[in-house]
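Step one of this worksheet: look at the structure below.
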Amino acid sequence: SQQGEEDPQALSIQEGENATMNCSYKTSINNLQWYRQNSGRGLVHLILIRSNEREKHSGRLRVTLDTSKKSSSLLITASRAADTASYFCATDMEYGNKLVFGAGTILRVKS
Amino acid sequence: DGGITQSPKYLFRKEGQNVTLSCEQNLNHDAMYWYRQDPGQGLRLIYYSQIVNDFQKGDIAEGYSVSREKKESFPLTVTSAQKNPTAFYLCASSILAANTGELFFGEGSRLTVL
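Chains as they are written, first to last, in my numbering: chain A, 1338 to 1448; chain B, -13 to 100.
Here it is as structure tokens:
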């Protein structure tokens, strides 16, 4: 069963613009993570936000978490063509690092 | 360089054949995982293992089998019982003691049934 659902399914923007992706989940979590996947490749971990945190930054990435609404957002500022990829949120619902992934948002950054 | 190695990258199988996908890690991670990825459906957990000689079923284990005889290795066998095996398979590992859940992924194996 999928815990997280990303929105939108696909996003196309111009280079330099900001990209915002959202993730909603259903049950209580310990933390929420965002991953990136280039076409045909493995996933790469971007950022983790714990359930007691509300916002976190890493370079051009900004993640927010609203546990009352069971939602998270990933903002990529000043996007580049190299940011073109699929982005997934993942939540852990139990000890043992068992992650559940959403269906992902496909981001295309046009140069 | 430490990492996770999956092989083969591409694999073709005839219906009725079993195939085994290899996953090796040199990160000294405790836990290893197999995910299946289909277009538009994200990743679904097949099996995971937190310790040698022990593993648990994930959400879609039917038609698959695994073994964990060594800490570094977690091969996945796609059996003939798997009704729709064509997919992209991803292996991952993590440090259990860190309790963060961060996964490190291999580059994937794409299986096509002819």
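Glycine included, every Cβ here is placed at the ideal spot set by N, Cα and C.
In this text the structure is predicted, and so the values were computed from the model without any measurement.
Neighbourhood of residue i by C-beta, 6 Å cutoff - its chain only, sequence neighbours within 5 removed
{"i": "A/R1373", "result": "V1381, L1383, A1422 and Y1424"}
{"i": "A/G1341", "result": "C1360, Y1362, C1426, T1428 and G1439"}
{"i": "A/S1338", "result": "Since pLDDT at A/S1338 reaches only 46, below the 50 mark, its modelled position is unreliable, and no value is offered."}
{"i": "A/A1347", "result": "I1443"}
{"i": "B/S(-7)", "result": "S8"}
{"i": "B/Y19", "result": "Y34 and A78"}
{"i": "B/F91", "result": "L76 and A78"}
{"i": "A/E1392", "result": "T1401"}
Nonlocal neighbours in the same chain, by C-beta distance under 7 Å from residue i, ignoring five residues either side
{"i": "A/R1417", "result": "E1352 and V1446"}
{"i": "A/S1448", "result": "E1352 and A1418"}
{"i": "B/E132", "result": "Absent from the model: residue 132 of chain B. The displayed extent of chain B is -13 to 100, so no value can be given."}
{"i": "B/F74", "result": "Q23, G94 and R96"}
{"i": "A/E1407", "result": "Reading off the sequence, residue 1407 of chain A comes out as Lys, not Glu. Closer than 7 Å at Cβ, skipping near neighbours: S1361, Y1362 and K1363."}
{"i": "A/E1390", "result": "L1402"}
{"i": "A/T1404", "result": "S1388"}
{"i": "A/M1430", "result": "Q1340, T1364, I1366 and V1437"}
{"i": "A/G1433", "result": "With a pLDDT of 48 at A/G1433, under the threshold of 50, the modelled position of that residue is not reliable, and no figure is offered here."}
{"i": "B/A17", "result": "Y34, S35, Q36, S79, S80 and L82"}
CB contact flag (residue i, residue j, <8 Å)
{"i": "B/S53", "j": "B/E10", "result": "no"}
{"i": "B/P61", "j": "B/S8", "result": "yes"}
{"i": "B/L29", "j": "B/Q36", "result": "no"}
{"i": "B/L76", "j": "A/K1435", "result": "no"}
{"i": "B/G2", "j": "B/S51", "result": "no"}
{"i": "A/E1472", "j": "A/G1441", "result": "Here chain A covers residues 1338 to 1448 and nothing more, so residue 1472 of chain A does not appear."}
{"i": "B/Q68", "j": "B/G49", "result": "yes"}
{"i": "A/I1386", "j": "A/N1368", "result": "yes"}
Bridge-paired residues (DSSP) for residue i
{"i": "A/D1520", "result": "The question about residue 1520 of chain A has no answer here: the residues shown for chain A are numbered 1338 through 1448."}
{"i": "A/Y1424", "result": "A/R1373 and A/T1442"}
{"i": "B/K69", "result": "B/K69 is not bridged to any residue."}
{"i": "B/Q23", "result": "B/L29 and B/F74"}
{"i": "B/F90", "result": "B/S79"}
{"i": "B/R(-1)", "result": "B/V99"}
{"i": "A/Y1368", "result": "Here residue 1368 of chain A is Asn; the residue named in the question, Tyr, does not match the sequence. Paired residues: A/R1387 and A/D1429."}
{"i": "A/Q1346", "result": "For A/Q1346, which the question treats as bridged, DSSP gives no partner whatsoever."}
{"i": "A/N1359", "result": "A/D1344 and A/S1410"}
{"i": "A/S1448", "result": "The partner list for A/S1448 (beta bridge, DSSP) is empty, contrary to what the question assumes."}
{"i": "A/S1395", "result": "A/L1398"}
{"i": "B/V64", "result": "B/V5 and B/Y50"}
{"i": "A/H1382", "result": "A/Y1372"}
Same chain only: Cβ atoms within 8 Å of residue i, ignoring 5 sequence neighbours per side
{"i": "B/N39", "result": "R54 and E55"}
{"i": "B/T98", "result": "Y(-4), L(-3), F(-2), R(-1) and T72"}
{"i": "B/L100", "result": "F(-2), R(-1), K0 and E1"}
{"i": "A/I1350", "result": "A1356, S1416, L1444, R1445, V1446 and K1447"}
Interface residues of chain B facing residue i [CB-CB closer than 7 Å]
{"i": "A/Q1454", "result": "Since the first and last residues shown for chain A are 1338 and 1448, residue 1454 of chain A lies out of range."}
{"i": "A/G1353", "result": "Within chain B, no residue comes near A/G1353; the closest Cβ sits about 29 Å away, beyond 7 Å."}
Proximal chain A residues relative to residue i, where beta-carbon distance stays under 8 Å
{"i": "B/G94", "result": "G1377, R1378 and G1379"}
{"i": "B/G(-12)", "result": "Here the premise fails: no neighbours, minimum Cβ distance about 14 Å."}
Within chain B, the residues that residue i reaches when beta carbons sit closer than 9 Å
{"i": "A/A1415", "result": "Result: empty, since nearest Cβ-Cβ is about 25 Å, beyond 9 Å."}
Per-residue contacts from residue i into chain E (C-beta, under 8 Å)
{"i": "B/Q68", "result": "Among the protein chains of the structure shown, namely A and B, there is no chain E."}
Cross-chain neighbours of residue i in chain A, by beta carbon under 7 Å
{"i": "B/L62", "result": "Those do not exist, as B/L62 stays about 15 Å from chain A at its closest Cβ, beyond 7 Å."}
{"i": "B/Y34", "result": "K1435"}
Closer than 8 Å at the beta carbon, the chain B residues around residue i
{"i": "A/D1429", "result": "G87"}
{"i": "A/G1441", "result": "G28"}
Interface partners of residue i on chain A, CB under 9 Å
{"i": "B/F91", "result": "Y1372, Q1374, R1378, G1379, L1380, V1381 and H1382"}
Legend entry - Given 8 Å, three or more beta-carbon pairs between the segment 9 to 25 of chain B and the segment -13 to -2 of chain B: Result yes; three or more Cβ-Cβ pairs closer than 8 Å.
Inset, instruction - Spell out a yes or no on whether the segment 1398 to 1413 of chain A and the segment -9 to 1 of chain B are touching, meaning 3 or more CB-CB pairs, one atom from each, closer than 8 Å. - result: Result no; under three Cβ-Cβ pairs closer than 8 Å.
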